[in-house]
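Note sheet for the following structure.
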Amino acid sequence: MWIVECGRKRLKEDCWTGSEGLQLEKGGEKIKRPEHIRDLLSSTDFNYFVGAITQTSGKLSAAEIPSLSLSLSLAMAGAGGGGNDVQWCFSQVKGAIDDDVAEADIISTVEFNHSGELLATGDKGGRVVIFQQDTENKAQCRSDYNVYSTFQSHEPEFDYLKSLEIEEKINKIRWLPQKNAAQFLLSTNDKTIKLWKISERDKRPEGYNLKEEDGRCRDSTTITTLRVPVFRPMDLMVEASPRRVFANAHTYHINSISVNSDNETYLSADDLRINLWHLEITDRSFNIVDIKPANMEELTEVITAAEFHPHQCNTFVYSSSKGTIRMCDMRASALCDKHSKLFEEPEDPSNRSFFSEIISSISDVKFSHSGRYMMTRDYLSIKIWDLNMESRPVETYQVHEYLRSKLCSLYENDCIFDKFECCWSGNDSVVMTGSYNNFFRMLERTQRRDVTLEACRESCKPRQVLKPRRVCAGGKRKKDEISVDSLDFNKKILHTAWHPHANIIAVATTNNLYIFQEKGN
Numbered sequence: 453m454w455i456v457e458c459g460r461k462r463l464k465e466d467c468w469t470g471s472e473g474l475q476l477e478k479g480g481e482k483i484k485r486p487e488h489i490r491d492l493l494s495s496t497d498f499n500y501f502v503g504a505i506t507q508t509s510g511k512l513s514a515a516e517i518p519s520l521s522l523s524l525s526l527a528m529a530g531a532g533g534g535g536n537d538v539q540w541c542f543s544q545v546k547g548a549i550d551d552d553v554a555e556a557d558i559i560s561t562v563e564f565n566h567s568g569e570l571l572a573t574g575d576k577g578g579r580v581v582i583f584q585q586d587t588e589n590k591a592q593c594r595s596d597y598n599v600y601s602t603f604q605s606h607e608p609e610f611d612y613l614k615s616l617e618i619e620e621k622i623n624k625i626r627w628l629p630q631k632n633a634a635q636f637l638l639s640t641n642d643k644t645i646k647l648w649k650i651s652e653r654d655k656r657p658e659g660y661n662l663k664e665e666d667g668r669c670r671d672s673t674t675i676t677t678l679r680v681p682v683f684r685p686m687d688l689m690v691e692a693s694p695r696r697v698f699a700n701a702h703t704y705h706i707n708s709i710s711v712n713s714d715n716e717t718y719l720s721a722d723d724l725r726i727n728l729w730h731l732e733i734t735d736r737s738f739n740i741v742d743i744k745p746a747n748m749e750e751l752t753e754v755i756t757a758a759e760f761h762p763h764q765c766n767t768f769v770y771s772s773s774k775g776t777i778r779m780c781d782m783r784a785s786a787l788c789d790k791h792s793k794l795f796e797e798p799e800d801p802s803n804r805s806f807f808s809e810i811i812s813s814i815s816d817v818k819f820s821h822s823g824r825y826m827m828t829r830d831y832l833s834i835k836i837w838d839l840n841m842e843s844r845p846v847e848t849y850q851v852h853e854y855l856r857s858k859l860c861s862l863y864e865n866d867c868i869f870d871k872f873e874c875c876w877s878g879n880d881s882v883v884m885t886g887s888y889n890n891f892f893r894m895l896e897r898t899q900r901r902d903v904t905l906e907a908c909r910e911s912c913k914p915r916q917v918l919k920p921r922r923v924c925a926g927g928k929r930k931k932d933e934i935s936v937d938s939l940d941f942n943k944k945i946l947h948t949a950w951h952p953h954a955n956i957i958a959v960a961t962t963n964n965l966y967i968f969q970e971k972g973n
């Protein structure tokens, strides 16, 4: 453990920011907790000087301190860290910037693939648009994404038995890990899941013996010699072809799909059931969770989200409208009607209100990339759970607590039922989620800092740095603050995605997809 002793050399503040496991001494008094270190370094009447940094194995001189500072700063940032020391700047906006937005053009899901090279969006019109990162600009630390493929994934249908329309809206998109030159993704609407193959073709065969180049059959009586078919180069064409259709397994609306780490199976969840599918078998699935009561009048909760563990193929979790998260182990039984762990935070009686049950409903659940933590999003907050502690979350972040006084009006205009998603940064140090007025929140876990940013037309200038926004809940409003009464609840960011390996984020605002990146040096 490092011990910093008083001396004459000033140590840069960023050396110690968020550096857990470090121990400081000042006047014989040991300072252990990082937040105490930050308080000391940030106080105006305190000057901290360092002479030597000692360890049991040796001693660093004051001249070596800058290199230590650099290494600690890099360790704090990590790959794809995206802390709030990062300056975010505008990169691109996709979609027409227009006040009149067609319902079919509203983006309903956003997802990076495992490498971050491709970014897929789905909309309420059943279309999937895939963007590809520009490899030329990638070397220049640019995050330009260009349209790679567009295809119609789902069409509107009608259930004649129940006299119900089935929307074409894409609820979720999930990429499969790449195994060859082609890419595969799953897309789903309320009832049907499809497996799509995205492949490139830059050659075409010609010189067939039995047909002409235009497809017409050749007269066999005129064939005197046999030709050897050859491949000729052609303009690059990207094809999207449906390889599997998984249908007729869900009575209720599908809200989640998640690919297993075994890369052979995936789950799909609706309001009351979760099914397990094999990617090669379309005509049957296995029901692994069923919470439908014998009498529907006894129904007290519904499933809101479900996800497989990123590394343990036998483990998955699902959240409910009651604010609980259940972890299940498929090794225990074929039907996971009994959970292995139950994550639930006791309700604070002082915050009990008419809207408590509504705002406690979990809209999204995501495992961290490491698999150690789990993040849940309810209407007002984000909670981080340690999988080894079920009693309460280890971290809680208020996303827009200033809306608590507005719950009555939000209930009347149905905004209280909005389903906000959340996502992790590449190294799990930052979480991101959306809010109203086209705001989105970046919450830095190590330093417990947060920032509110806005995706708007004014920020659509090349390389423009996003300025933090603040909302005034009441009282005297400062010049750079926005009153909570002036927030536009029709402008909302429900869907966000973070590049798995870089500080590149995508946020969806109605029909627009904004892409932001870390400001280059």
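The numbering of the sequence shown is the working numbering, which starts it at 453 and goes up by one.
Just so it is clear, CB atoms sit at the ideal spot from N, CA and C, and this is done for glycine as well.
(1) Tell me the DSSP secondary structure of Met782 in three-state form.
(2) Could you give the residue range of the alpha helix (DSSP H) that holds Glu665?
(3) Check this for me: beta carbons of Trp627 and Glu563, under 8 Å apart or not?
(4) Would you check if the distance between the CB atom of Val545 and the CB atom of Asn964 is smaller than 8 Å?
(5) So the alpha helix (DSSP H) Cys860 belongs to, where does it begin and stop?
(6) If you draw a straight line from the C-alpha of Glu853 to the C-alpha of Arg736, how long is it?
(7) What does the alpha-carbon distance come out to for the pair Pro694 and Val883?
(8) Report yes if the CB atom of Glu809 is closer than 8 Å to the CB atom of Pro845, and no otherwise.
(9) Which complete beta strand (DSSP E) runs does the stretch 753-809 hold, if anything under 3 residues is left out?
(10) Please list, in chain order, all residues of the same chain as Ser792 whose beta carbon is under 7 Å from its beta carbon, the five residues on each side excluded.
(11) Closest to Lys655 by C-alpha separation, out of Asp687, Leu678, Lys631, would be which residue?
(12) Helix, strand or coil for Thr703, going by three-state DSSP, please let me know.
(13) Per DSSP, what are the beta-bridge partners of Asp550 in this structure?
(14) Per DSSP, what are the beta-bridge partners of Asn712 in this structure?
(15) Could you pull the start and end residues of the beta strand (DSSP E) that Asp596 belongs to?
(16) Helix, strand or coil for Glu910 per DSSP?
(17) In whole angstroms, what separates the C-alpha of Asp838 from that of Asp551?
(18) Taking the alpha-carbon positions, what's the Lys643 to Gln899 distance?
(19) Take every Cβ of the stretch 606-626, pair it with every Cβ of the stretch 560-579, and state whether three or more of those distances are shorter than 8 Å.
(20) Entirely within the stretch 864-891 and at least 3 residues each: give me those beta strand (DSSP E) ranges in chain order.
(21) Helix, strand or coil, according to DSSP, for Ala925 in the structure here?
(22) Let me confirm a value: Gln539 is counted as buried when at least 16 other C-beta atoms fall within 10 Å, else exposed. Which label applies?
(23) Give the straight-line distance between the Cα atoms of Ile740 and Ser911, rounded to the nearest whole angstrom.
(24) Cβ atoms of Lys646 and Thr561: under 8 Å apart, would you say?
(25) Following the continuous beta strand (DSSP E) through Ala958, name the residue where it begins and the one where it ends.
(26) Could you check which residue in Trp876, Cys867, Asn890, His947 has the C-alpha nearest to that of Ser820?
(27) Hey, out of Ile777, Phe542, Cys788, Ala699, whose CA is closest to Leu794's CA?
(28) Rounded to a whole number of angstroms, what is the C-alpha to C-alpha distance between Ile549 and Asp557?
(29) Are there 16 or more other CB atoms within 10 angstroms of the CB of Ala746, so buried, or fewer, so exposed?
(30) Among Asp742, His730, Ile709, Leu728, which residue has its Cα nearest to the Cα of Ala758?
(31) Under the three-state reduction of DSSP, which class applies to Leu975: helix, strand or coil?
(32) Looking at C-beta atoms only, is the number of pairs between the stretch 726-735 and the stretch 696-714 that lie closer than 8 Å three or more?
(33) Applying the criterion that 16 or more other CB atoms from any shown protein chain within 10 Å of the CB defines a buried residue, is Phe583 buried or exposed?
(34) Distance check for Val690 and Glu873, CA to CA, integer angstroms please.
(35) What residues in its chain sit with their C-beta under 6 Å from that of Asp816, if we drop five residues either side in the sequence?
(36) Mapping the DSSP letters down to three states, classify Asp940 as helix, strand or coil.
With the structure as the only source:
(1) Within the sequence shown, residue 782 is the residue found at index 330, counting from 1. It is coil, neither helix nor strand.
(2) Counted from its first residue, the sequence shown places residue 665 at position 213. Unbroken run through Glu665: none, as it is neither H nor E.
(3) Numbered from 1 along the sequence shown, position 175 holds the residue referred to as residue 627. Numbered from 1 along the sequence shown, position 111 holds the residue referred to as residue 563. Their beta carbons are under 8 Å apart, which means Trp627 touches Glu563 by this criterion.
(4) Here the question's residue 545 lines up with position 93 in the sequence shown. Here the question's residue 964 lines up with position 512 in the sequence shown. Cβ atoms of Val545 and Asn964: closer than 8 Å.
(5) Counted from its first residue, the sequence shown places residue 860 at position 408. First-last of the alpha helix (DSSP H) with Cys860: 859-864.
(6) Position 401 of the sequence shown, counted from the first residue, corresponds to residue 853. Position 284 of the sequence shown, counted from the first residue, corresponds to residue 736. Looking at the two C-alpha atoms, the distance is approximately 45 Å.
(7) By 1-based counting over the sequence shown, the position of residue 694 is 242. By 1-based counting over the sequence shown, the position of residue 883 is 431. Looking at the two C-alpha atoms, the distance is approximately 34 Å.
(8) In the sequence shown, counting from the first residue as 1, residue 809 sits at position 357. In the sequence shown, counting from the first residue as 1, residue 845 sits at position 393. Not in contact: Glu809 and Pro845 (Cβ atoms no closer than 8 Å).
(9) 755-760, 767-772, 777-781, 793-795
(10) By one-based count along the sequence shown, residue 792 stands at place 340. Only Met779, Cys780, Asp781, Ala784 meet the Cβ criterion.
(11) Taking the sequence shown and counting its residues from 1, the one referred to as residue 655 is at position 203. Answer by Cα proximity: Asp687.
(12) The residue labelled residue 703 in the question sits at position 251 within the sequence shown. Reduced to three states, the DSSP call for Thr703 is coil.
(13) By one-based count along the sequence shown, residue 550 stands at place 98. Its beta-bridge partners do not exist; DSSP assigns none.
(14) Looking up residue 712 in the sequence shown gives position 260. Note: Asn712 sits in no beta bridge, so no partner.
(15) Numbered from its first residue, the sequence shown carries residue 596 at position 144. That residue, Asp596, is in no beta strand (DSSP E); it is neither H nor E in DSSP.
(16) Numbered from 1 along the sequence shown, position 458 holds the residue referred to as residue 910. The answer is helix: DSSP assigns Glu910 an H, G or I state.
(17) Reading the sequence shown from its first residue, position 386 is the one you call residue 838. Reading the sequence shown from its first residue, position 99 is the one you call residue 551. C-alpha separation (whole angstroms): 43 Å.
(18) On the sequence shown, residue 643 is found 191 positions in, with the first residue counted as 1. On the sequence shown, residue 899 is found 447 positions in, with the first residue counted as 1. Near 43 Å, if we compare the C-alpha coordinates of Gln899 and Lys643.
(19) yes
(20) 874-876, 882-886
(21) Here residue 925 corresponds to residue number 473 of the sequence shown, with the count starting at 1. Of the three classes helix, strand and coil, the one that applies to Ala925 here is coil, per DSSP.
(22) Translated into the one-based positions of the sequence shown, residue 539 becomes position 87. Looking at its Cβ environment, which holds fewer than 16 other Cβ atoms inside 10 Å, Gln539 is exposed.
(23) Within the sequence shown, the letter at position 288 stands for residue 740. Within the sequence shown, the letter at position 459 stands for residue 911. If I take the Cα positions, the gap works out to 46 Å.
(24) Taking the first residue of the sequence shown as 1, we reach residue 561 at position 109. Taking the first residue of the sequence shown as 1, we reach residue 646 at position 194. No, the pair does not count as a contact, with Cβ atoms beyond the cut-off.
(25) Position 506 of the sequence shown holds residue 958. Ala958 -> beta strand (DSSP E) spans 956-961.
(26) What you label residue 820 is simply residue 368 of the sequence shown in a count that begins at 1. Answer by Cα proximity: Trp876.
(27) Here residue 794 refers to the residue found at position 342 when the sequence shown is read from its first residue. Comparing Cα positions, the closest option is Ile777.
(28) Locating residue 549 in the sequence shown gives position 97, counting from the first residue. Locating residue 557 in the sequence shown gives position 105, counting from the first residue. Each residue's Cα considered, the two are about 12 Å apart.
(29) Start at 1 with the first residue of the sequence shown, and residue 746 comes out as number 294. So Ala746 counts as exposed.
(30) In the sequence shown, residue 758 corresponds to position 306, counting from 1. Nearest option by C-alpha distance: Ile709.
(31) This structure gives no information on residue 975, because the portion of the chain shown stretches from 453 to 973.
(32) yes
(33) Counting from one through the sequence shown, the residue named residue 583 turns up at place 131. The residue in question, Phe583, is buried, as its Cβ has 16 or more Cβ neighbours within 10 Å.
(34) Sequence index remark: in the sequence shown, residue 873 carries index 421 (1-based). Sequence index remark: in the sequence shown, residue 690 carries index 238 (1-based). Cα to Cα, Glu873 sits roughly 30 Å from Val690.
(35) Residue 816 sits at position 364 when you count from the first residue of the sequence shown. Contacts found: Ala757, Arg829, Glu873, Cys874.
(36) For this step, residue 940 is matched to residue 488 along the sequence shown. Note: Asp940 maps to coil in three-state DSSP.
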